[in-house]
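Undergrad: Below you will find the structure I want to go over with you.
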Amino acid sequence: MGCGNSTAAEPESKPAPQGGAIPQNRTAQEKMNVPAGQMTVDNAFQQLGLGEKPVINESMAMDQVNDNVELLQDLNNMLFDAIKKDCAEINRSYSESDYFRLWKAAHSLKGTTSNLGIMRFAAVCKAIEECGKSLEAAVAAAGDAPTEDDNRQKLEDERHKLGVYIELLAQQETAYRQHYAAFEKRVLEAAPKKQ
Numbered sequence: 001m002g003c004g005n006s007t008a009a010e011p012e013s014k015p016a017p018q019g020g021a022i023p024q025n026r027t028a029q030e031k032m033n034v035p036a037g038q039m040t041v042d043n044a045f046q047q048l049g050l051g052e053k054p055v056i057n058e059s060m061a062m063d064q065v066n067d068n069v070e071l072l073q074d075l076n077n078m079l080f081d082a083i084k085k086d087c088a089e090i091n092r093s094y095s096e097s098d099y100f101r102l103w104k105a106a107h108s109l110k111g112t113t114s115n116l117g118i119m120r121f122a123a124v125c126k127a128i129e130e131c132g133k134s135l136e137a138a139v140a141a142a143g144d145a146p147t148e149d150d151n152r153q154k155l156e157d158e159r160h161k162l163g164v165y166i167e168l169l170a171q172q173e174t175a176y177r178q179h180y181a182a183f184e185k186r187v188l189e190a191a192p193k194k195q
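Here the sequence shown is numbered in UniProt numbering, starting from 1 and rising by one per residue.
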């Protein structure tokens, strides 16, 4: 699981742990109302409204670089490095249950990607940031060992949801890289040739 480990560009449904599989013939509204502990990548994709967002808002990206193709390429090369670094931090922090470091890395990626018009990726980063903050607060409030089974289950469910978001982030990273390659090719073909 995690950023950089996925090869799929779009969500896929997987059975939910401990609650059985979620029926595949559910309506979009039903998929959006799935409890955190039963969430799948497909549910998260729908809940975050990613289908309505472009992978890359190309006009926004070009506006950010004043239509300078070389600057766009340079920024995206730097972004690819930042994504690799911050996704590694998100995965490491998740495995160590260090939610503060996790949401800080997600926040950093959210800002960078949203400024460059990478809309789906930024939306998933925002969800990871919010979920990380929620878990950080819940763990701090509960102490090291939540005493009530209900509280423990809520923490486990929220952690499961966070894991799903991280898996979705990996898929959106792949989608971004694929879309960016096609976008860059179109931009280069349309750019005036230097003499």
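Ideal Cβ positions, reconstructed from N, Cα and C, are used throughout, including at glycine.
Answer with buried or exposed for A191, where buried requires no fewer than 16 other C-beta atoms within 10 angstroms of its C-beta.
TA: Exposed, since its Cβ has fewer than 16 Cβ neighbours within 10 Å.
Undergrad: Which word fits A59, buried or exposed, when buried means at least 16 other C-beta atoms lie within 10 angstroms of its C-beta?
TA: Position check: residue 59 holds Ser in this sequence, whereas Ala was assumed. The residue in question, S59, is exposed, as its Cβ has fewer than 16 Cβ neighbours within 10 Å.
Undergrad: Any chance the segment 123-134 sits against the segment 60-75, with 3 or more Cβ pairs inside 8 Å?
TA: Counting Cβ pairs under 8 Å, fewer than three are found: no touch.
Undergrad: Taking 8 Å as the threshold (C-beta atoms), are L135 and Y165 in contact?
TA: Not closer than 8 Å, so no.
Undergrad: Where are the beta strand (DSSP E) runs, 3 residues long or more, that stay fully inside the segment 110-183, in chain order?
TA: Counting only runs of 3 or more, we get nothing.
Undergrad: Identify the continuous alpha helix (DSSP H) that holds N91 and give its terminal residues.
TA: Residues V69 to S95.
Undergrad: Please list, in chain order, all residues of the same chain as L71 whose beta carbon is under 7 Å from its beta carbon, the five residues on each side excluded.
TA: Hits under 7 Å: V65.
Undergrad: Are H160 and V55 closer than 8 Å when you measure CB to CB?
TA: No, these two residues do not count as a Cβ contact at 8 Å.
Undergrad: So, with DSSP's three-state summary, where would you put E52?
TA: Here E52 sits in helix by DSSP.
Undergrad: Count the other C-beta atoms from every protein chain shown that fall within 10 angstroms of the C-beta of N33, then say buried if there are 16 or more, exposed otherwise.
TA: Its Cβ having fewer than 16 others within 10 Å, N33 is exposed.
Undergrad: Find the nearest neighbour of D157 within the set H107, G132 and R92, judged by alpha-carbon distance.
TA: When only C-alpha atoms are compared, the closest one is G132.
Undergrad: So, with DSSP's three-state summary, where would you put A44?
TA: DSSP places A44 in helix when its eight states are reduced to three.
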